[in-house]
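Position in the sequence shown counted from 1, then plus 268, gives you the working numbering. Ideal placement from N, C-alpha and C gives every residue a C-beta, glycine not left out. These figures come from a predicted structure and were not determined experimentally. These notes concern the structure reproduced below.
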Amino acid sequence: MLKLAVEKRERTGKKSKELVAEGKLPAVVYGKKQEAVSVKCNLKEFEKVWSEAGESSVFALSGLGEDVEVLIQEVDVDPIQGTPRHVDFYAVEKGKKVEVAVPIEFTGVAPAEKELGGTLVKVLHELTVTAFPKDLPHEIEVDISALVDFDAQIHAKDIKLPGEVELAIGEDEVVALVSEVKE
269 MLKLAVEKRE RTGKKSKELV AEGKLPAVVY GKKQEAVSVK CNLKEFEKVW SEAGESSVFA
329 LSGLGEDVEV LIQEVDVDPI QGTPRHVDFY AVEKGKKVEV AVPIEFTGVA PAEKELGGTL
389 VKVLHELTVT AFPKDLPHEI EVDISALVDF DAQIHAKDIK LPGEVELAIG EDEVVALVSE
449 VKE
């Protein structure tokens, strides 16, 4: 399991800008059974964990006594520099399922797009699922080769989910389709 070292921080609010200058990232850890705690971590280390775990994989925070298993709940990114400014970690409860939006990775080629000249419409980019933290997939693959004509659609119920992972949205939600180009 991935690990990220954190330490409690005393400075909060506007003073947290000084942390960023030191290469630290202000953050907060909270959950149903976890009291909110202001922490800081190394920005570069966080970026490594974020790129590997994304927002749908559980990893451990060390430095708060015993390790705390968390998901990245929200990352505030600087709109100009594109670097994280603040992060919210959600502490997951052991033995409890969590609801998470998992990114969709589209694979294959849609015949209606390639052969009929249509436009692929990705209606959803994430699929909300419920699972135990250890069973959460990093991403969900959706094969678009079933889109053979302009009437074909891929619905949430058509997606093969791994093991104990369950849909947390309506099974008739449209995930992808190919639309006809109109002149």
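**Q.** C-alpha distance - V368 paired with T398, whole-angstrom precision
**A.** Looking up residue 368 in the sequence shown gives position 100. Looking up residue 398 in the sequence shown gives position 130. Distance between the alpha carbons of V368 and T398 is about 6 Å.
Q.
I'd like the list of long-range same chain contacts for A273, defined as Cβ closer than 6 Å, with 5 residues on each side in sequence excluded.
A. Counting from one through the sequence shown, the residue named residue 273 turns up at place 5. Counting only Cβ-Cβ distances below 6 Å, and skipping sequence neighbours, we find S330, G331.
Q) When you compare only the Cα positions, how much space is there between L415 and A289? A) Translated into the one-based positions of the sequence shown, residue 415 becomes position 147. Translated into the one-based positions of the sequence shown, residue 289 becomes position 21. Their backbone Cα atoms lie some 50 Å apart in a straight line.
Q. Within 10 angstroms of its Cβ, does A304 collect 16 or more other Cβ (buried), or is it exposed?
A. Residue numbering aside, residue 304 sits at position 36 when the sequence shown is read from its first letter. By the C-beta density criterion, A304 is exposed, having fewer than 16 other C-beta atoms within 10 angstroms.
Q | Contacts around E394, its chain only, beta-carbon distance under 8 Å, and the 5 residues preceding and following it disregarded | A | As a first step, residue 394 is located in the sequence shown; it is residue number 126 there, counting from the start. Within the same chain, E394 has close Cβ partners A369, V370, P371, I372.
Q) Can you check whether the CB of L293 is closer than 8 Å to the CB of P352? A) In the sequence shown, the residue the question calls residue 352 occupies position 84. In the sequence shown, the residue the question calls residue 293 occupies position 25. Closer than 8 Å, so yes.
Q) Exposed or buried, what is L270 when buried is set at 16 or more other beta-carbons lying within 10 Å of its beta-carbon? A) For the purposes of this step, residue 270 is taken as residue 2 along the sequence shown, with counting starting at 1. Classification for L270: exposed.
Q: With DSSP as the reference, please indicate the residues paired to G299 in a beta bridge.
A: Along the sequence shown, read from residue 1 onward, the residue named residue 299 stands at position 31. Note: G299 sits in a beta bridge opposite Q302.
Q.
Between I348, V355, E334, D346, which has its C-alpha nearest E323's C-alpha?
A. Mapped onto the sequence shown, residue 323 falls at position 55. When each option's Cα is compared against that of E323, the closest is V355.
Q | Buried or exposed (CB count within 10 angstroms, at least 16 for buried), P405 | A | Within the sequence shown, residue 405 is the residue found at index 137, counting from 1. Buried: at least 16 other Cβ atoms inside 10 Å.
Q.
For a minimum of 3 consecutive residues, which ranges assigned as the beta strand (DSSP E) are wholly contained in the region 304-330?
A. 327-330
**Q.** 6 Å Cβ shell around P291 - same chain, five flanking residues per side excluded
**A.** Taking the first residue of the sequence shown as position 1, residue 291 is located at position 23. Residue 291 is actually Gly in this sequence, not Pro. Excluding residues up to 5 positions away in sequence, L311 lie with their Cβ nearer than 6 Å to the Cβ of G291 in the same chain.
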